[in-house]
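Asks: I have a structure here, written as structure tokens, and I will follow up with some questions on it.
Protein chains: 2
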Amino acid sequence: MSLYPHFNFNITHRSSSSRARLGLLETPHGTIKTPAFIFCATKGAIKGAFPQEMKTAGTQIILSNTYHMMLQPGGDLVEKMGGLHKFIGWDGPMLTDSGGYQIFSLGYGSVASEIKGKRMNHRPKTMLKITEEGAHFKSYIDGQRLLLTPERSIEIQRQLGADLIVVLDECTPFHVDKSYTERSMHLSHRWALRSLAEFQRCNDGRQALYGIIQGGVYEDLRQQGAAFVNSHPFFGHAVGGSLGASKDQMQAIVEMTLGMLSPERPVHLLGIGGISDIFNGVEQGIDTFDCVHPTRLARHGGALVKAEHWTRYSGSGGEHINLRNKIYRDDSRPVDESCRCSTCQIFSRAYLHHLLKAQEMLALQALTLHNVYFMNQLLQAIREAIRTDSLSTERKKWVKADL
Amino acid sequence: MSLYPHFNFNITHRSSSSRARLGLLETPHGTIKTPAFIFCATKGAIKGAFPQEMKTAGTQIILSNTYHMMLQPGGDLVEKMGGLHKFIGWDGPMLTDSGGYQIFSLGYGSVASEIKGKRMNHRPKTMLKITEEGAHFKSYIDGQRLLLTPERSIEIQRQLGADLIVVLDECTPFHVDKSYTERSMHLSHRWALRSLAEFQRCNDGRQALYGIIQGGVYEDLRQQGAAFVNSHPFFGHAVGGSLGASKDQMQAIVEMTLGMLSPERPVHLLGIGGISDIFNGVEQGIDTFDCVHPTRLARHGGALVKAEHWTRYSGSGGEHINLRNKIYRDDSRPVDESCRCSTCQIFSRAYLHHLLKAQEMLALQALTLHNVYFMNQLLQAIREAIRTDSLSTERKKWVKADL
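As structure tokens, then:
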């Protein structure tokens, strides 16, 4: 019997001009059309949006972070309440990560900074030490000393009950040298085998396990990392490890890495959610993305917009407008007149500007729904463009210029 | 031609055992079944709920505070954006207050404390002085010195464009003596006449003006206050001034006051929203209530519940349960199994407890929707009970014991 009797990844179309592809990722909670974006319900809730609102905005899949859920309310409690789907009221596909990621990055820089190699000079304070056994850390809630092993991560992810789950790895920072990266990769491979063994021991067919490809910025290590994941029965692959210090380096490493992976398995790119980054990733063969960016941006007053709406106030990264800006004080237009999201149907930029100035939480709810809808529209447009082999034309509608 | 061509208050049923009554209050934005509860969109937004969610939860009417809206974003801006209904996306009936209330109470105690006579020993710092001309105060946003006159209040309320608007009055604190109360009442009457004159000068038939009955805790002054409002063409009456220092005194003053008012005009009770207080008010002939309580309580983790769900953890005032309490940590039941609100359909007490502990804003959204639905259900049950003359039986379902 297959390790994954209730899962399937069916590639329905391949681009003739890039590695981009369309797929159907079947899970016990529904089928995801890929490429797809996964929204972050970090602590078991999308900040500012109900499950039904996420569905209405076109969301296919969300993720929850094992690190946060294991500390509060705990895997035992979630299992007792019938699992994460029931507990949080989301009946669609769901992913959980291993928990390791936050141990290594929380308390120091943002998750994105960590992946992208920024600002990471030493271990965060909540991280105590890494041993062969696992990651020793302090709870950010009460300072309790805890150990997360590969087996424990799988056990907790089994209690949570997400459809897609991930092996524990060491998230290697960018600044370390090649020998550290190599040693770390081998540790992560041993942890991956322990994760897989624990997964197989308890497998009830309701979950599918992703392996993580390591190797940092080094091609020969990426080759070893790819050979490792390809040769073990993971359902899918996540691109992990350092992706370098710049967008160009990230793109080069993702491209190199994707060329090495089994082409029939789904590939997830961890923590990437910028519009141009998603176009790049799709062209390199990425099937799923996740990032806090769309929902976090909303909570800072930012609304994602297509290229035509970008202004000189859109900020260095572009891709959004900031409704706190006083230029929107008497702007009676919606964020985007062509957007069909619930926010753009009823609220003007002027009203959103007012709500932000007045510190009304409704602003964050409204912008969250807009950004979620926007991302789902973006991925839908990308899927259509893959089908018609017109990704580069489509890209121009969403990205003003390559940054 | 009537001052109020697009308004009507039609009393459709009178209780045989109390002053309770059923009415239909017609406005240009719809008809309100009374008794009704008015939810507070203080700064032009219900904290945590979209207009459509308020509608779905059975809400008939909301209010916005002129004081907050005049300071940010300003009456001019709202008028330019097409009025408050359009600006905030609420197409149902709406009320604005005069703005005076917050000048007198903001920066000191809560609005409820002011009405109920608690904690009010001196003028708040943002209040500068009261003159015949109006109320001089400092903006809580930028410290700017401003003057709110009766004419200006009406002008701003016309810009905002709510259906029901209110004359400017001095909100007399509880601690003042009878001679202050009397002088203040006469000042408020002169302001009311100026408000009415300004209202009549600009009246386009789209708004209806409420007068406020003053007189504090003194029966002879209440008689004068009632004679004043009854003799002028206000569409409705609001019970203002101090209602005393205790619930009993409040009840006695409301009862006394209601006996003096024109029985054919709708009567609003300012700032009262407790369940038992609403039953009392209804029996005394109150048609509409407003209070921040249901939505503010939600933001503190409180869910309104019927008497059967009260626990010893319900707090001194009873009437709700606090989901922050650890007894709910593994309680898989909804807040109320018989409640049909969207929150009780999908979320358990355990999940709400988790969200509150994790400081997730979704908890506040979910509890807000529950409390709004609850209040609308309460008022619907009260209307049905008036129709069948069974208010005292109905009361027992909602109020555990008279406090």
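Chains as they are written, first to last, in the numbering used here: chain A, 1 to 403; chain B, 1001 to 1403. Ideal Cβ placement from N, Cα and C applies to all residues, glycine included. Note that the coordinates shown come from a computational prediction; the quantities given were computed from them, not determined experimentally.
1. Would you mind telling me which residues of chain B sit closer than 8 Å to tyrosine 351 of chain A, beta carbon to beta carbon, in chain order?
2. Cutting at 6 Å between CB atoms, please list the residues of its own chain near glycine 89 of chain A, excluding the five before and the five after it.
3. Beta carbon of aspartate 1169 of chain B, beta carbon of alanine 1192 of chain B: below 9 Å?
4. State the DSSP-derived secondary structure class of methionine 1094 of chain B, mapped to helix, strand or coil.
5. Is it true that the CB of leucine 1269 of chain B sits closer than 9 Å to the CB of aspartate 1097 of chain B?
6. I'd like to know if the segment 227 to 243 of chain A and the segment 124 to 140 of chain A are in contact, where contact means that at least 3 CB-CB pairs between them fall below 8 Å.
7. Would you please state the rounded distance, in angstroms, between the beta carbons of proline 93 of chain A and glycine 48 of chain A? I believe it to be under 8 Å.
8. What alpha helix (DSSP H) runs, 4 residues minimum, are completely inside the segment 206 to 270 of chain A?
9. Can you give me the C-alpha to C-alpha distance between leucine 378 of chain A and phenylalanine 9 of chain A, rounded to a whole angstrom?
10. Hey, would you say glycine 1241 of chain B sits closer than 9 Å to cysteine 1291 of chain B, going by beta carbons?
11. In whole angstroms, what separates the C-alpha of serine 1016 of chain B from that of glutamate 1384 of chain B?
12. Answer with yes or no whether the minimum CB distance from serine 1242 of chain B to chain A is below 9 Å.
13. What residue does the alpha helix (DSSP H) around phenylalanine 199 of chain A start on, and which one ends it?
14. Quick check: what's the CA-CA separation for arginine 387 of chain A versus glutamine 380 of chain A?
15. Taking Cβ-Cβ distances shorter than 8 Å, what residues in chain B pair up with glutamine 144 of chain A?
16. Please compile the residues from chain B whose C-beta is within a distance smaller than 8 Å of the C-beta of phenylalanine 347 of chain A.
17. Closer than 7 Å by C-beta to isoleucine 1141 of chain B: which residues in its own chain qualify, once you throw out the five before and the five after it? Chain order, please.
18. Nearest CA to the CA of isoleucine 346 of chain A: which residue from B/Arg1014, B/Phe1039, B/Ala1045?
19. In three-state terms, what does DSSP make of glycine 412 of chain A?
20. Secondary structure at serine 1153 of chain B, three-state DSSP: helix, strand or coil?
21. Could you compute how far the alpha carbon of asparagine 325 of chain A sits from the alpha carbon of arginine 349 of chain A?
22. When you compare each of B/Lys1396, B/Glu1219, B/Thr1295, B/Phe1087 to methionine 1054 of chain B by their alpha carbons, which one comes out closest?
23. Would you report the Cα separation of alanine 238 of chain A and isoleucine 38 of chain A, rounded to the nearest angstrom?
24. Might you give, ordered along the chain, the residues of its own chain that have their beta carbon closer than 8 Å to the beta carbon of leucine 1024 of chain B, omitting 5 neighbours on each side?
25. Is the shortest distance between the beta-carbon of glycine 273 of chain A and the beta-carbons of chain B less than 9 Å?
26. Using DSSP's beta-bridge definition, name the partner residues of isoleucine 11 of chain A.
27. Check the Cβ of serine 64 of chain A against every Cβ in chain B and list those closer than 7 Å, keeping chain order.
28. The ligand MG and leucine 1269 of chain B: does any heavy atom of the ligand fall closer than 8 Å to the residue's C-beta?
29. Evaluate contact between the segment 332 to 339 of chain A and the segment 259 to 279 of chain A, counting only Cβ atoms and requiring at least three cross-stretch pairs below 8 Å.
30. Any beta-carbon of chain A closer than 9 Å to the one on histidine 1068 of chain B?
31. What did DSSP end up calling phenylalanine 374 of chain A once you bin it into helix, strand or coil?
32. Which same chain residues, not among the five before or five after glutamate 1155 of chain B, have their C-beta less than 8 Å away from its C-beta?
33. How about histidine 215 of chain A and glutamine 223 of chain A: are their beta carbons less than 9 Å apart?
34. By how many angstroms is the C-alpha of serine 1105 of chain B removed from the C-alpha of tyrosine 1218 of chain B?
35. In this structure, what does DSSP give as the bridge partners for arginine 1349 of chain B?
36. Of all the options B/Gln1365, B/Lys1178, B/Leu1148, which has the alpha carbon lying nearest to the alpha carbon of glycine 1100 of chain B?
Replies: In this structure, then:
1. In chain order: Gly1044, Met1081, Phe1087, Ile1088, Gly1089.
2. Contacts found: Pro51.
3. Yes, they are a contact pair.
4. DSSP places methionine 1094 of chain B in the strand class (E or B) of the three-state scheme.
5. Not a contact, by the Cβ cut-off of 9 Å.
6. As far as the Cβ criterion goes, the segment 227 to 243 of chain A does not touch the segment 124 to 140 of chain A, which means the pair count is below three.
7. That belief does not hold up - the Cβ atoms of proline 93 of chain A and glycine 48 of chain A are roughly 21 Å apart, past 8 Å.
8. Qualifying alpha helix (DSSP H) stretches, in chain order: 219 to 230, 247 to 258.
9. Straight through space, the alpha carbons of phenylalanine 9 of chain A and leucine 378 of chain A are spaced by roughly 22 Å.
10. Their beta carbons are not under 9 Å apart, which means glycine 1241 of chain B does not touch cysteine 1291 of chain B by this criterion.
11. Cα to Cα, serine 1016 of chain B sits roughly 14 Å from glutamate 1384 of chain B.
12. Not an interface residue.
13. Where phenylalanine 199 of chain A is concerned, the enclosing alpha helix (DSSP H) stretches over 178 to 202.
14. C-alpha separation (whole angstroms): 11 Å.
15. Against glutamine 144 of chain A, chain B offers no close residue; the least beta-carbon distance is about 15 Å (beta-carbon pairs closer than 8 Å).
16. Those are Gly1089, listed as they occur along chain B.
17. Answer for isoleucine 1141 of chain B: Leu1071, Gln1072, listed in chain order.
18. Taking only the C-alpha atoms, the option nearest isoleucine 346 of chain A is B/Ala1045.
19. One cannot answer for residue 412 of chain A here, as it falls past the ends of chain A, which runs 1 to 403.
20. The answer is helix: DSSP assigns serine 1153 of chain B an H, G or I state.
21. If you draw a straight line from the Cα of asparagine 325 of chain A to the Cα of arginine 349 of chain A, it is about 10 Å long.
22. When B/Lys1396, B/Glu1219, B/Thr1295, B/Phe1087 are compared, the shortest CA-CA separation from methionine 1054 of chain B is found for B/Thr1295.
23. Cα to Cα, alanine 238 of chain A sits roughly 13 Å from isoleucine 38 of chain A.
24. Asn1008, Phe1009, Asn1010, Thr1012, Thr1031, Ile1032, Lys1033, Thr1034.
25. Using beta-carbon distances, glycine 273 of chain A does not count as an interface residue toward chain B, since no partner is under 9 Å.
26. According to DSSP, isoleucine 11 of chain A bridges with A/Gly23.
27. Neighbours of serine 64 of chain A on chain B: none; closest Cβ ~11 Å, over 7 Å.
28. Inclusion of the ligand MG in the displayed structure is not the case, the ligand content being empty and no account of it being possible.
29. Because the criterion of three Cβ pairs below 8 Å is not met, the segment 332 to 339 of chain A and the segment 259 to 279 of chain A do not touch.
30. Closer than 9 Å to some Cβ of chain A, the Cβ of histidine 1068 of chain B qualifies, so yes.
31. In this structure, phenylalanine 374 of chain A counts as helix in the three-state DSSP scheme.
32. The residues are Gly1075, Glu1198, Cys1202.
33. In the sequence on display, residue 215 of chain A carries glycine and not histidine. Yes. Within cutoff.
34. Cα to Cα, tyrosine 1218 of chain B sits roughly 21 Å from serine 1105 of chain B.
35. DSSP lists no partner for arginine 1349 of chain B.
36. Measuring from the Cα of glycine 1100 of chain B, the nearest candidate turns out to be B/Leu1148.
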